[in-house]
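So the sequence lines, in the order shown, correspond to chains P and A.
Quick note on numbering: the first sequence equals residues 131 to 478 in the working numbering.
Quick note on numbering: the second sequence equals residues 16 to 354 in the working numbering.
Note that beta-carbon positions come from the ideal geometry of N, C-alpha and C, so glycine has one too.
Being a predicted model, the structure only gives us computed values, none of them experimental.
See below for the structure under consideration.
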Amino acid sequence: MGLATRTTFRDALAAALADEMDADPSVFVFGLDVSDHKRIFGSTAGLVERFGDRRCFITPLSEESMTGVAIGAAVSGLRPVHVHIRADFMLLAMNQIGNMLSSLRYMSGGQLRLPLVIRAVIGRGWGQSAQHSKSLHGLFSHFPGLKVVLPTTPQDAYSLLRAAIRDDNPVIFLEHRWLYDVEGEVDRSRRLPLGEATVRRFGKDLTVIATSWMTVEAMKAAEVMAKRGVELEVVDVRSVVPLDEATLVDSVKRTRRCIVADYDWTFCGFAAEAAALISHRCFEILERAVERLGFAQVPCPTTRPLENLFYPNAVSILRTAEHMLKLEPADLSGESFYSHEQRFKGPF
Amino acid sequence: MLQKASPPTLREAPAAREASVKHAEALALYRKLLLVRRAEEKIREEYPTNDMKTPVHLGIGGEAIAVGVCHAAPPGARAFGTYRNHAWYLAMTGETDRFFGELYGKAIGAAKGKAGSMHLAAPQHGLIATSAVVATTIPLAVGAALAHQYRDEPTLVVSFFGDGAVEEGAFWESLNFACLKRLRILFVCEDNDLAIHIPTSQRQGFRSIPDVVRGFRCHVMSGAGYDLRTVMTSAHTLLERMETDPRPGFLHLTYFRFLEHVGPLEDFHAGYRQKPSPDELARLDPVRRFEQALREDGVTDHELEALRLSVDEQLTRSVRAAQQAPFASPAELSTDVWA
């Protein structure tokens, strides 16, 4: 084990990129804004100075073709990291992602390798609205051939990004904007494989399977519930593809109750997938039907009061847990819930 | 230009030796051209049995483009193309066992039956990928050219596509980026004036493809894609310009699509285009044109016939082998998704 240092999520991302670029000359980072003065909220800071503009460069506004360029470079032996400042912009590249990236290896009978990473930031708050707030991991996970990773902690941001770059398959790496300021211990010698979920908090009464920012909300819900002696177990999925089914199923087998708290729409999304998995594998021991929490089935609204209704949060998790455990709703008036907008002042 | 070689002797003069090389080269080119044509004619013969369960987009009329450009390209060049890909595959590999194996969906196929006709590729021979969604491989070719520039390699990348691809945003995005980065890439637009059944006049709001592309910082040439020697001369000239002034090249080559968009038949009866006169068809036929040129240069009918026999033997053998070969095992369903 190496020395752990206190690092923000954004710095952990930049460190992972720098360490991989340092270790392997075939790794390069490109995309809109990667080398401008803002550096994708600091997550590509220092790269152009250290590695030059051949290995860290901006592109024209051509999301589809730049994705194709990444694929062409990958099949030619490089390891591109293509960056989008919002996941929503990846919809411009869906032709390349859905028709080429996911299928080329299969269509070549295994002759082509596609070692590339697409990083994208999930926006939220300060009026990000319908076109700057999607996470889309359910959509990407629908296509066989793509790995889909959502780190929550700085350590995971660091270790999983390095693993994604080392992987010989396409990896879509989705980073929630609010996690960028989160600080945590990061041990740069720590390797993590893709495809392992982790139990963030153990509890015997109910499992919350969470993705991305919903892990933060689930941890807060667990903290509040613990005050009345109810123990939530929080499982951070970390990687939707490959999915660590065993960790999810094992947890629910212990708690016999499950909420899937996904950072996406629930309809046809990962929450539906996870609910089906748990219902199927834990059918005999489930006390209650699996509950799903996710975005309201509407486009994300701009104004804060409506946006608050759009997103699931710690309160919706604990109210659902109370309902499943047949508990009276707790008085939450004394609780202080995380409001990121106290720290996140925008504009972007 | 091409001379009929006299039998080589020990006292052969240098000029005669050169002519002999040209003669051999011309015959090799003819064999390649014929291999493409006869392979597709073989498909037309066999397709009605319904054993070749893959949509075939035949390129009869356009063979000289693949054969000529691949011949002009330096060794080690890498190519990306479209679903009308048989000519590139055959020109770059010369082999027909895995080719027909793939069309019949058999385990011996180039991709074990997972590609079929529309996604044929031979990465080990330089044909990296082809695709059935218009314009999708153009940015891949640009990405490959970027990789070679990144590693300071002189490798040429060729991106083949049709006139319809020019209407896709990905084409302009890719051309823009390639010109911006001055990549070593040759764009080859195979213009048959048709996107499925719709002529260019009903699809394009600009006067001509080469004229629009000339607005970009690249070298542009245009020519008759049905004439093998024109294709080779144009490609050579363009590659020389790309050498002296490193920028992408854009080669616009016209040709006549003899058959329907997809499938083994003619479709002149459908009424969306006129059937040319027999003379006009002969003028637009790259194989007949090249045969004529070879005869004018002194190649004998006997030599041409010998090549035809050799090509047909190869094709008959490959088709039979493909028909008899087993399909992929059920386990193959789940392989090749992940590296």
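Met220 (chain P) and Glu194 (chain P) have their C-alpha atoms some 8 Å from each other. Note: Lys121 (chain A) is bridge-paired with A:Phe342 in the DSSP secondary-structure output.
Closest by C-alpha distance to Ala336 (chain A), out of A:Asp208, A:Arg113, A:Leu195, A:Val157, is A:Arg113. Runs of the beta strand (DSSP E) spanning 3 or more residues and lying entirely within the segment 259-317 of chain P occur at 277-279, 301-306, 313-317, in chain order. Interface criterion met: the Cβ of Ala185 (chain A) is under 7 Å from a Cβ in chain P. Put simply, the CB of Asp167 (chain A) is far from chain P, with every gap to its CB atoms at 7 Å or more. Take the alpha-carbon of His72 (chain A) and the one of Ala346 (chain A): they are about 29 Å apart.
For His317 (chain A), the three-state secondary structure derived from DSSP is helix. The alpha carbon of Arg136 (chain P) has as its nearest neighbour, out of P:Ala406, P:Arg318, P:Arg411, the alpha carbon of P:Arg318. A Cβ-Cβ contact shorter than 7 Å links Ala160 (chain A) with Leu198 (chain A).
Excluding residues up to 5 positions away in sequence, Gly268, Asp392, Gly424 lie with their Cβ nearer than 7 Å to the Cβ of Gly399 (chain P) in the same chain. Straight-line measurement puts the Cα of Lys127 (chain A) at about 6 Å from the Cα of Ala343 (chain A). Around the C-beta of Asn100 (chain A), 16 or more other C-beta atoms lie within 10 Å, and the residue is accordingly described as buried. Residue-level contact check: Ile201 (chain P) touches chain A, since one or more beta carbons of chain A fall below 7 Å from its beta carbon. Here DSSP, grouped into helix, strand and coil, assigns Gly424 (chain P) to strand.
When 7 Å is used as the limit between beta carbons, Asp152 (chain P) is near no residue of chain A, the shortest such separation being about 17 Å.
Inter-residue distance for Asp183 (chain P) and Val278 (chain P) is about 28 Å (C-alpha atoms, whole angstroms).
Under the three-state reduction of DSSP, Met67 (chain A) is assigned to coil, being neither helix nor strand. Below the 9 Å Cβ cutoff, chain A contributes no neighbours of Val178 (chain P), its closest Cβ being approximately 15 Å away. Proximity of chain A to Val213 (chain P) at the Cβ level (cut-off 7 Å) is not reached, the minimal Cβ distance being about 16 Å. At a cut-off of 7 Å between C-beta atoms, Trp103 (chain A) does not count as an interface residue with respect to chain P.
Val205 (chain P) has a beta carbon lying within less than 7 Å of a beta carbon in chain A.
Under the three-state reduction of DSSP, Val205 (chain P) is assigned to helix. Close partners of Gln241 (chain P) in chain A (Cβ separation under 8 Å): Ala126, Ala136, Pro138, Gln139. By alpha-carbon distance to Gly77 (chain A), the top candidate from A:Tyr119, A:Phe271, A:Leu209 is A:Phe271.
The beta-bridge partner set that DSSP reports for Gly131 (chain A) is empty.
Residues of the same chain with a CB within less than 6 Å of the CB of Glu437 (chain P), apart from the 5 flanking positions on each side, are Pro431 in chain order.
Counted as a single uninterrupted DSSP element, the stretch harbouring Glu326 (chain P) is not any beta strand (DSSP E), since DSSP gives it neither H nor E. One finds Thr151, Pro154, Leu155, Ala185 in chain A with Cβ atoms closer than 9 Å to the Cβ of Gln226 (chain P), taken in chain order. Taking 7 Å as the threshold, the shortest C-beta distance from Val148 (chain A) to chain P falls below it. Per DSSP, Arg169 (chain P) is not a residue of any beta strand (DSSP E); the alpha helix (DSSP H) it occupies stretches across 169-172. Among the CB atoms of chain A, none fall inside 7 Å of the CB of Gly161 (chain P).
Contacts with chain A at 7 Å (Cβ-Cβ) do not include Asp286 (chain P). Taking each of P:Ala327, P:Pro300, P:Gln261, P:Asp154 in turn and checking the Cα distance to Ala404 (chain P), the smallest one comes out for P:Ala327. Between the C-alpha atoms of Lys350 (chain P) and His272 (chain P) there is a straight-line separation of about 30 Å. Below 8 Å, too few C-beta pairs join the segment 57-65 of chain A and the segment 207-225 of chain A to call them touching: fewer than three.
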